[in-house]
Every structure is written in structure tokens, then in C-alpha cells.
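Notes follow the structure.
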Amino acid sequence: MSGAAVPSFDPTRPCRLCPRACNAVRGQEAGFCGAGAAVRVALAQLHPGEEPFLSGPQPGPGGSGAIFFSGCALRCVYCQNHEISFGLPGPDVSGQALPGHDCSVDDLTALMLELQLCGAHNINLVTAAHYTPQVRAALIQARANGLRLPVVWNTSAYETVDALLSLEGLVDIYLPDLRYMDARAAARYSAAPDYPRIATHAILEMQRQVGALVIDEATGLATRGLAVRLLLLPGDAGRVDLALAWIADTLGTETAVSLMGQYYPAHRAAHHPEINRGVTRAEYAAARRTLEELGFWRGCVQEVGSSADWTPDFRQK
Ligand code: SF4
Numbered sequence: 001m002s003g004a005a006v007p008s009f010d011p012t013r014p015c016r017l018c019p020r021a022c023n024a025v026r027g028q029e030a031g032f033c034g035a036g037a038a039v040r041v042a043l044a045q046l047h048p049g050e051e052p053f054l055s056g057p058q059p060g061p062g063g064s065g066a067i068f069f070s071g072c073a074l075r076c077v078y079c080q081n082h083e084i085s086f087g088l089p090g091p092d093v094s095g096q097a098l099p100g101h102d103c104s105v106d107d108l109t110a111l112m113l114e115l116q117l118c119g120a121h122n123i124n125l126v127t128a129a130h131y132t133p134q135v136r137a138a139l140i141q142a143r144a145n146g147l148r149l150p151v152v153w154n155t156s157a158y159e160t161v162d163a164l165l166s167l168e169g170l171v172d173i174y175l176p177d178l179r180y181m182d183a184r185a186a187a188r189y190s191a192a193p194d195y196p197r198i199a200t201h202a203i204l205e206m207q208r209q210v211g212a213l214v215i216d217e218a219t220g221l222a223t224r225g226l227a228v229r230l231l232l233l234p235g236d237a238g239r240v241d242l243a244l245a246w247i248a249d250t251l252g253t254e255t256a257v258s259l260m261g262q263y264y265p266a267h268r269a270a271h272h273p274e275i276n277r278g279v280t281r282a283e284y285a286a287a288r289r290t291l292e293e294l295g296f297w298r299g300c301v302q303e304v305g306s307s308a309d310w311t312p313d314f315r316q317k
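In UniProt numbering, the protein residues as written are 1 to 317.
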């Protein structure tokens with residue numbers, strides 16, 4: 001594990017855990033991310049709908065052992081998991097009530113071990129960045145108590161390099177989004193004009209820690225490495241073309257890329273007419289063409305509008 005300073009969480013002090021640095025005293029109020037003092041888990045289950053290198057062939061046994069954390073520091077206006085990331089209107093101090101259950105470090109440890117017992121192929125931590133110190137403690141405890149599965153950090157990539165350094169040696173597979181390379185789009189849809197800079201720095205650190213994606217030939221499952229998710233927005237508002245160019249130039253075309261065509265207008269997308277529609281087949285085909293022209297050869301593509309059908313390895317080398 002890294003010798004870097006471990007970000008701490010103290011509910012009595014202003015929180016600066018993520019790039020929002022919103023200074024919420026989470027013991028008294030919810031942060032921008034919606035989180036209070038306790039780790040809140042919305043759902044834990046064997047998930048068949050992740051990329052095949054995480055969920056395994058479907059229908060089939062197992063699945064990715066997903067733990068969905070409530071709240072999110074990015075909070076996109078079109079969020080398709082908005083019930084989990086924003087919560088429902090409620091009486092708490094933030095005006096939102098995140099769904100799920102409060103979990104201690106021991107509870108989280110037990111959840112991970114239970115998913116392993118149920119046949120999960122990996123432990124898939126979905127949007128956990130605003131709980132990094134507690135999740136880190138649970139991972140250390142779970143490893144000491146027999147967790148053998150690869151651990152996946154499934155993230156918006158809107159997180160600090162310091163927080164990621166604290167996960168070195170504990171996370172095996174990083175699965176970041178790269179949502180925007182256009183600062184105006186990041187500001188408009190996620191109130192995060194710094195997203196392109198923050199996310200690219202974060203992804204560089206992830207690659208430094210785990211390298212390229214490694215897949216076990218016998219099982220088809222990932223055991224280690226980095227895979228970058230690109231969610232195509234209508235009109236390519238987030239600039240997947242620039243994201244692919246950046247990945248090719250900076251990380252290399254051996255980087256596994258997952259090009260996602262599942263966008264549909266959700267949550268507050270109706271307030272933004274230009275993204276208040278699905279992605280067209282022509283838009284998706286253009287993104288896929290860019291990906292192939294740049295020479296990427298590892299990853300997955302999806303049918304437009306699909307949420308669960310993946311085609312692995314779009315071009316075998
Ligand atoms: S983790 Fe949440 S509370 Fe802490 S700085 Fe980020 S948004 Fe604010």
C-alpha cells in the first residue's frame with residue numbers, strides 16, 4: 001500500500017474529501033454529495049449488467065458483486081440513478097433523503113464477504129468516493145478476513161489524487177467514467193467546470209496504480225487494470241471524440257474502453273432541451289468510428305438504448 005497520507009473523515013470538521021471541497025460538517029448537515037456522517041448503501045447485489053469482463057457471460061452464474069453507495073459528488077442533471085445519487089425529497093437538513101441503510105465499517109466488511117460467498121466475480125464499489133476513508137478501512141478488514149476477489153472502484157473520476165493514493169494496493173480494477181472533455185458541458189450538466197482537469201489527473205493516477213486491463217483467458221473476467229467508460233451524450237455534448245484522443249495520446253490505445261450507448265433523458269434533463277432525447281444510431285456510429293480509427297482494440301460497445309447488452313472486444317488484435 002502507498003505511504004501517502006490517508007484522507008481522514010471527521011464528521012465534526014468541514015469535509016474536503018472530494019474536489020467539491022464543500023466544507024459541510026457532515027455530522028450536522030449533508031454535503032453537496034448528499035452524504036451525512038454515516039456511509040449509506042442503497043443496494044448490494046450480484047449485478048448481471050456490467051461489462052462482460054466484470055459480470056461474466058450472461059445469462060450465467062455469478063455476476064459482479066455490486067455495492068451501490070448513496071449520494072454522489074458529481075450529480076449530473078441527467079443522472080440515470082438519480083434516486084440513489086440525489087435521493088428523494090425528504091425532511092433532512094439538505095432537503096434530500098438518501099435511500100438505503102447506514103453501514104458501519106464492520107457492516108461494509110460483512111457485505112463484501114457475503115457477496116463473495118454468494119458467488120460474485122468481484123467486489124464492485126459503485127460511486128464510493130465520498131466515503132473513501134470508511135470504505136478503505138472496510139477493504140483492509142475484508143482482506144484480513146478472507147476477501148480474495150478483485151476489487152473494482154467504479155467511479156465518476158471526480159475525485160482527488162490524494163484519495164486515490166490511499167487506495168493503492170487495495171483496488172485491483174479502476175472503472176472510471178470520462179464524462180466531459182468540455183468544461184462548459186461539465187459546468188452546465190454537473191456544475192463542475194473543473195471536471196476535465198480533475199478526471200484526467202485521476203485517471204492517470206489510476207493507470208499508474210494498476211496498468212492496462214488484465215483478463216483471465218480461462219474465465220474472461222478482469223483481474224486487474226484500468227477500463228474507461230465513455231457515456232455518449234446527445235450531440236456528443238461531453239466530447240467523447242476528445243476523450244478518445246486524450247486516452248490514445250496519454251494512456252495508449254491498448255487502454256480498454258467501454259463505449260456506452262445507454263443514455264436516455266432522466267432526472268432534470270428536460271430542463272436542457274439539447275440533451276432531452278436519446279442518442280441516435282448515427283451519433284453512436286460516429287463515436288465508434290473514431291474509436292476504431294484511433295486504433296483502440298480492447299473494450300466493449302453497446303447497442304444504442306441498451307442498458308445491459310454488451311459486445312466485448314470490438315476489434316481483436
Ligand atoms: S465528499 Fe461530499 S461533503 Fe465532502 S467535500 Fe465532497 S461533496 Fe462535500
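Ideal Cβ placement from N, Cα and C applies to all residues, glycine included.
Delimiting residues of the alpha helix (DSSP H) encompassing residue i
i, result
"H201", "Y195 to V210"
"T290", "R281 to E293"
"F53", "P52 to S55"
Buried/exposed call for residue i, threshold 16 Cβ in 10 Å
i, result
"R315", "Here R315 scores only 41 on pLDDT, less than 50, and its place in the model is too uncertain to base an answer on."
"T200", "buried"
"Q302", "buried"
"A287", "buried"
"N124", "buried"
"L74", "buried"
"G95", "Bear in mind that the predicted position of G95 carries a pLDDT of just 43, short of 50, making it too unreliable to give a figure here."
"H121", "buried"
"L21", "It is Ala, not Leu, that sits at residue 21 in the sequence shown. The residue in question, A21, is exposed, as its Cβ has fewer than 16 Cβ neighbours within 10 Å."
"T12", "exposed"
"V93", "Unreliable placement is indicated for V93, whose pLDDT of 43 sits below 50; the coordinate value is still reported in the next sentence. It counts as exposed."
"T155", "buried"
"S8", "exposed"
"P176", "buried"
"C118", "exposed"
"G238", "buried"
"R136", "buried"
"N159", "Inspection of the sequence shows that residue 159 is occupied by Glu rather than by Asn. Counting Cβ neighbours within 10 Å, E159 comes out buried, since at least 16 surround it."
"D10", "exposed"
Proximity test, residue i beta-carbon vs the ligand SF4 heavy atom, cut-off 8 Å
i, result
"C15", "yes"
"G31", "yes"
"A71", "The sequence as given places Gly at residue 71; Ala does not occur at that position. Yes, the ligand SF4 has a heavy atom inside 8 Å of this Cβ."
"A21", "yes"
"R26", "yes"
"C18", "yes"
"H101", "no"
"A129", "yes"
"A97", "no"
"A142", "no"
"A137", "no"
"A35", "yes"
Among the options, nearest to residue i - alpha-carbon criterion
i, options, result
"Q207", "H101, C118, V257 and C300", "V257"
"Q45", "G62, P193 and D194", "G62"
"A35", "R197, C103 and G60", "C103"
"T290", "V240, V304, L98 and D249", "V240"
"Q80", "I215, L221, E293 and G278", "G278"
"A97", "F32, L115, P57 and H47", "F32"
"M260", "D249, E283, N276 and L251", "E283"
"C72", "P59, P196, G87 and G65", "G87"
"R268", "L231, V304, S190 and L115", "S190"
"S55", "L294, E29, I215 and A192", "I215"
"N145", "V77, Q116, L226 and A157", "Q116"
"V151", "V126, A157 and Q134", "V126"
Host beta strand (DSSP E) of residue i (start-end)
i, result
"A42", "V39 to H47"
"R188", "Element bounds for R188: not the beta strand (DSSP E) but the alpha helix (DSSP H), A183 to S190."
"W153", "V151 to T155"
"Y174", "I173 to P176"
"R143", "Not the beta strand (DSSP E): R143 falls in the alpha helix (DSSP H), residues T132 to A144."
"S258", "A256 to M260"
Integer Cβ distance of residue i from residue j, believed to fall under 8 Å
i, j, result
"I67", "L111", "6 Å"
"T109", "A138", "5 Å"
"L213", "R298", "7 Å"
"F53", "A222", "4 Å"
"V39", "H272", "Actually they do not touch by this definition, with Cβ atoms about 32 Å apart."
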